[in-house]
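K.L.:
In the working numbering, the protein residues as written are 2 to 250.
For each residue, glycine too, the CB sits at the ideal point set by N, CA and C.
Below are the structure tokens for one structure; questions will follow.
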């Protein structure tokens, strides 16, 4: 009886087992970040090389000033200079990749939510907006953490101000004693630029205990959201190289 091809799209080996997708190594992530950054900023190659050579030159100058044999000088330059130069180059790529990622998603619906996905420290943000203006595509996203509730708007200030206030009053009726912070994301005066919104949220002062924050999350889930899925933005954190992989783990 003739063997038929597997209906599944995944390739299979001679035994009929599906092949597992290749695991992405840290250097694959670094290369992907570099490629993405180079598209946004063609000068990144020269910048990375300049940082690498500059740090290596500084280390070499320091070593040459030391009263050690020539053979040891070369060894010190290789052992100390190359790792520090590589670390400096990777740091430069990380910062440029993060900036390029934000440039890619800026202006797209859901860009604020993508940026909020990088927030750490126990914060929880729903994927769906809690309020939306279908005509203007202005969004309000809600997050809960130990500093309380944060409402983050996406859109021009003159349009989102009322939307923010309405959502603040709605939230305050359910949680009258919980701090509520309003943040507008945008490029207008008084708004927080997209690349800085995550740091803005993380700097908020804590006022709730962990159990209290969990209770707030449960109560807000009953309110739900706008129930309107939005296009996903690019998570800027994915543009960063895997630091654990760089350490050889």
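Could you pull the start and end residues of the alpha helix (DSSP H) that residue 166 belongs to?
P.N.:
Looking at the DSSP string, the run of the alpha helix (DSSP H) that includes residue 166 is 158–175.
K.L.:
State buried or exposed for residue 28, treating a residue as buried only when at least 16 other CB atoms are found within 10 Å of its CB.
P.N.:
Exposed.
K.L.:
Which full runs of the alpha helix (DSSP H) of 4+ residues lie inside the segment 47–131, going along the chain?
P.N.:
Counting whole runs of 4 or more residues, the segment 47–131 contains the alpha helix (DSSP H) stretches 71–77, 83–106 and 112–117.
K.L.:
Starting from residue 221, trace the alpha helix (DSSP H) both ways and give me its first and last residue.
P.N.:
Run containing residue 221: 211–222, per the alpha helix (DSSP H) assignment.
K.L.:
For residue 143, count neighbouring Cβ atoms within 10 angstroms of its own Cβ and tell me buried if that reaches 16, exposed if not.
P.N.:
Under this definition residue 143 is a buried residue.
K.L.:
Could you please give the first and the last residue of the uninterrupted beta strand (DSSP E) stretch that includes residue 182?
P.N.:
Taken as a continuous stretch (DSSP letters only), the beta strand (DSSP E) holding residue 182 covers 181–186.
K.L.:
Short check: CB of residue 152 to CB of residue 176, under 8 Å?
P.N.:
Not in contact: residue 152 and residue 176 (Cβ atoms no closer than 8 Å).
K.L.:
Could you have a look at residue 207 and say whether DSSP puts it in helix, strand or coil?
P.N.:
DSSP places residue 207 in coil when its eight states are reduced to three.
K.L.:
Are the segment 123–131 and the segment 68–84 touching by the rule of at least three beta carbon pairs closer than 8 Å?
P.N.:
No, the segment 123–131 does not touch the segment 68–84.
K.L.:
Does the beta-carbon of residue 97 have 16 or more other beta-carbons within 10 angstroms, so that it is buried, or is it exposed?
P.N.:
Buried is the call here.
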